[in-house]
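Numbering (mature numbering (1 follows the signal peptide of the UniProt record, and there is no 0)), first residue to last: -30 to -1, 1 to 137. Reviewing the structure listed below.
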């Protein structure tokens, strides 16, 4: 009888621990900024004088492979919604996106970054232009930091889906 009570108590503790562990999520939550640079026609038209045009095109293609027809280079008939440019400043800022329509890449960091780090950061900045905020998943494009990530996470996609509903 004592053994049975001890077994039931141990089993109960294990079940409670298991239930508690299931209540914590291991992925980050979708997150929006509350603003975006997407125009009324649901397009993000861009122009650039950046030397990192290859990273810009790769980042555009990464977002476009998930949801096509949104991010595109501007044309003579379509005014740019965002302008991408370079600058050089000794600081911890790798790149930035402002709500007034400018994405800036800091040569101080970009020059020595790997292609994967540049792709992640450029895709991340386009994410801000799309209205996405920072997330915290290890594989999220929208997490902060100089890391090599070359595909969108499920959190990045959920954030984009949520943002798209606001355009």
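C-beta atoms are modelled at their ideal positions from N, C-alpha and C, and glycine is treated no differently.
Tell me the rounded alpha-carbon separation between residue i and residue j.
| i | j | result |
| --- | --- | --- |
| residue 117 | residue 46 | 36 Å |
| residue 126 | residue 119 | 12 Å |
| residue 51 | residue 8 | 7 Å |
| residue 136 | residue 13 | 13 Å |
| residue 4 | residue 101 | 7 Å |
| residue 33 | residue 1 | 16 Å |
| residue 29 | residue 93 | 5 Å |
| residue 105 | residue -2 | 7 Å |
| residue 63 | residue 129 | 23 Å |
| residue 96 | residue 112 | 10 Å |
| residue 24 | residue 31 | 11 Å |
| residue 86 | residue 109 | 13 Å |
| residue 17 | residue 74 | 12 Å |
| residue -18 | residue 10 | Unreliable placement is indicated for residue -18, whose pLDDT of 46 sits below 50; the coordinate value is still reported in the next sentence. When rounded, the distance between both Cα atoms is 55 Å. |
| residue 38 | residue 82 | 31 Å |
Are there 16 or more other CB atoms within 10 angstroms of the CB of residue i, so buried, or fewer, so exposed?
| i | result |
| --- | --- |
| residue 123 | buried |
| residue 90 | buried |
| residue 36 | exposed |
Could you tell me the boundaries of the alpha helix (DSSP H) in which residue i lies?
| i | result |
| --- | --- |
| residue 32 | 23 to 36 |
Looking at the secondary structure, which residues open and close the beta strand (DSSP E) in which residue i lies?
| i | result |
| --- | --- |
| residue 10 | Note, residue 10: premise wrong, no beta strand (DSSP E); not H, not E. |
| residue 65 | 65 to 68 |
| residue 42 | 41 to 43 |
Below 8 Å between beta carbons: does that hold for residue i and residue j?
| i | j | result |
| --- | --- | --- |
| residue 19 | residue 49 | no |
| residue 59 | residue 76 | yes |
| residue 22 | residue 88 | yes |
| residue 53 | residue 72 | yes |
| residue 80 | residue 61 | no |
| residue 99 | residue 67 | yes |
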